[in-house]
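Residue numbers (this note's numbering): -3 to 271.
Ideal Cβ placement from N, Cα and C applies to all residues, glycine included.
Note that the structure is predicted; figures quoted are calculated from it, not measured.
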């Protein structure tokens, strides 16, 4: 599984929601059981909230990152529908993680401004600024190892914030939006520096099945919206493309096709239902 597309949510949602880091108190067995139950109820699992430390290790394997070739203009729209807000927020969160990973401090503040607007729309605006301010200050000082350490320490607070939303569908939309933008970034990196080993990272049947299932379980009103129709169609096409033996990597042309489909889905999200 690749560094952004399969595991971006936990690492970069922190940047968006800004949950403050506090000392961790020992939990009783009952508290642990309650938290695990809430995680299961809200769909927080290895697909949506994996270890941030693992993210950074995998990122190292994808270098070099031609940042200007994978960066995009940040979206500006403010849709009324919360599901679309969640998709947009997830995608911009992935942009924020890319900026941190590539140590591009000039891109971090603009991402923060967009995420603040989206977070307010999702009802978590009050949580923004504390942690993101710390990330910004450390990035200005080029203290990138400190930025990454803060992200690692903040993972538990991010999960707590998602659980506090008590909205499983929106949590899935944030995860899906981040994963789709990450899929575009990762496939673009493979196209830029193709090898069979790097291309093999894009064969992720469990992840494709997981998110296809999430789209299939949306309420009919959402499924009828243009962005979700595009996502459903293109995800299934990518799943068919990547159904192959593990030792059979994608060709560079197939990776380009996957990247184009991922880009198409992300553009549909930005355009929203009015397209």
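Should residue 223 be labelled buried (16 or more other beta-carbon atoms within 10 Å of its own) or exposed?
-> Translated into positions along the chain shown, residue 223 becomes position 227. Its Cβ being crowded by 16 or more others within 10 Å, residue 223 is buried.
Just checking my contact of residue 226 with residue 261 at CB under 8 Å: how many whole Å lie between their CB atoms?
-> One-based indexing of the chain shown puts residue 226 at position 230. One-based indexing of the chain shown puts residue 261 at position 265. At roughly 6 Å, the Cβ-Cβ gap stays under 8 Å, so residue 226 and residue 261 are in contact.
Through-space distance from residue 164 to residue 220, alpha-carbon basis | Walking along the chain shown from the start, residue 220 turns up at place 224. Walking along the chain shown from the start, residue 164 turns up at place 168. The straight-line gap from Cα to Cα measures roughly 20 Å.
Out of 88, 255 and 71, point me to the one whose CA is closest to residue 188's CA.
-> Taking the first residue of the chain shown as 1, we reach residue 188 at position 192. When each option's Cα is compared against that of residue 188, the closest is 255.
Continuous alpha helix (DSSP H) stretch holding residue 190: start and end = Walking along the chain shown from the start, residue 190 turns up at place 194. Careful: residue 190 lies outside any alpha helix (DSSP H) and carries neither H nor E.
Would a C-beta distance cut-off of 8 Å place residue 251 and residue 199 closer than the cut-off?
-> Start at 1 with the first residue of the chain shown, and residue 251 comes out as number 255. Start at 1 with the first residue of the chain shown, and residue 199 comes out as number 203. No, they are not a contact pair.
Tell me where the alpha helix (DSSP H) around residue 111 begins and ends.
-> As a working note, residue 111 is residue 115 in the chain shown. Start and end: 101 to 118.
Residue 79 versus residue 231 - alpha carbon distance = One-based indexing of the chain shown puts residue 79 at position 83. One-based indexing of the chain shown puts residue 231 at position 235. Taking the straight line from one Cα to the other gives about 18 Å.
State the start and end residues of the unbroken alpha helix (DSSP H) segment that holds residue 220.
-> Stepping through the chain shown from its first residue, residue 220 is reached at position 224. Where residue 220 is concerned, there is no enclosing alpha helix (DSSP H), given that its DSSP letter is neither H nor E.
Does the distance from the C-beta atom of residue 132 to that of residue 104 stay below 8 Å?
-> As a position in the chain shown, residue 132 is number 136, starting the count at 1. As a position in the chain shown, residue 104 is number 108, starting the count at 1. Result yes, Cβ atoms of residue 132 and residue 104 sit closer than 8 Å.
Is residue 107 buried or exposed, if buried means 16 or more other CB atoms sit within 10 Å of its CB?
-> For this step, residue 107 is matched to residue 111 along the chain shown. Answer is buried; the Cβ neighbour count reaches 16.
Where do the ends of the alpha helix (DSSP H) carrying residue 203 lie?
-> Your numbering for residue 203 matches position 207 in the chain shown. Segment 201 to 212, the alpha helix (DSSP H) holding residue 203.
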